[in-house]
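Chemist: Quick note: the sequence shown uses my numbering, first residue 93, plus one each step.
Before we start, here is the structure in question, set down as structure tokens.
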Amino acid sequence: MAEHLGIDRSYLSDMERGKKNVCLPTLKLIAQGFDMSLSKLLSHL
């Protein structure tokens with residue numbers, strides 16, 4: 093998944109484990125990777 097999103101895998105792993113905070117540009121990359129808008133990604137929080 094990290095390779096598909098263009099994110100370093102250790103950074104993605106740290107985000108998943110709560111060791112790193114997620115910034116908006118990274119959230120946008122994740123949303124694009126799942127073919128959805130950022131607002132759709134965040135709508136169920």
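Glycine included, every Cβ here is placed at the ideal spot set by N, Cα and C.
A quick note: this is a predicted structure, and the numbers were derived from the prediction, not measured.
Using beta-carbon positions only, say whether Lys132 and Ala123 come within less than 9 Å of one another.
Modeler: Translated into positions along the sequence shown, residue 132 becomes position 40. Translated into positions along the sequence shown, residue 123 becomes position 31. It is a contact, given that the beta carbons lie within the stated cut-off.
Chemist: Taking only three categories from DSSP, how would you classify Ser129?
Modeler: As a working mapping, residue 129 is identified with position 37 in the sequence shown. If DSSP states are grouped into helix, strand and coil, Ser129 belongs with coil.
Chemist: Measuring only the C-alpha atoms, how far is Leu137 from Leu130?
Modeler: Working through the sequence shown from its first residue, we reach residue 137 at position 45. Working through the sequence shown from its first residue, we reach residue 130 at position 38. The straight-line gap from Cα to Cα measures roughly 12 Å.
Chemist: So, helix, strand or coil for Ile122, using DSSP?
Modeler: Indexing the sequence shown from 1 puts residue 122 at position 30. In this structure, Ile122 counts as helix in the three-state DSSP scheme.
Chemist: Report the three-state DSSP secondary structure of Arg109 (helix, strand or coil).
Modeler: If you number the sequence shown from 1, residue 109 lands on position 17. The answer is coil: DSSP assigns Arg109 none of H, G, I, E or B.
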